[in-house]
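Asker: UniProt numbering puts the first residue of the sequence shown at 1, with every later residue one more than the last.
Just so it is clear, CB atoms sit at the ideal spot from N, CA and C, and this is done for glycine as well.
Below you'll find the structure I mean.
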Amino acid sequence: MDGFHHELSEDDMILSQVFETLEDEMELRNDDKPEEQGQGVESRFAEMTDHEIDTLIEDTENKNTKKATKWAVNVYQDWKNSIIGSGLIIPNLKDLSVQDINSI
1 MDGFHHELSE
11 DDMILSQVFE
21 TLEDEMELRN
31 DDKPEEQGQG
41 VESRFAEMTD
51 HEIDTLIEDT
61 ENKNTKKATK
71 WAVNVYQDWK
81 NSIIGSGLII
91 PNLKDLSVQD
101 INSI
């Protein structure tokens, strides 16, 4: 026997049977699918409503970041309310840009 040919062992037979079974299974699955787009074939990309997209975006935001931001805004509002009579002009956070907030 040369280095390229060898007899199939029992393990090789089992592996070849597994591959044949997988190929048969894939052929059966492909036969069940309509071949042309528009004949019941689902698109690779889902159609989503604006609400579903907004929900996905909201779910990707870190909950701890949301919680910390809400806490910081509440602390700012409480501080602002506590010094109202002091004569200082305190801007609303909603009126400030991101750069302005980061520089405070």
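How many angstroms separate the CA atom of residue 108 from the CA atom of GLU25?
Answerer: Because residue 108 is not part of the residues shown, which for the chain are 1 to 104, the question remains open.
Asker: Nearest to VAL73 by CA position, among LYS94, THR49, LEU28 and GLU58, is which residue?
Answerer: Looking at the Cα atoms, LYS94 is the closest of the given residues.
Asker: Can LYS80 and ILE89 be called in contact, C-beta distance under 7 Å?
Answerer: Contact: no.
Asker: Enumerate in chain order the residues of its own chain whose CB-to-CB distance from GLN17 is below 7 Å, with the five nearest sequence positions on each side excluded.
Answerer: There are no such residues.
Asker: Please go through the stretch 31-89 and give each complete beta strand (DSSP E) segment of 3 or more residues, from N-terminal end onward.
Answerer: Complete beta strand (DSSP E) runs here, min 3: none at all.
Asker: Please classify SER103: does DSSP put it in a helix, a strand, or coil?
Answerer: SER103: helix per DSSP, three-state reduction.
Asker: What does a CB cutoff of less than 7 Å around ILE84 pick up in its chain, not counting 5 residues either side in sequence?
Answerer: The answer is none, since no qualifying residue turns up.
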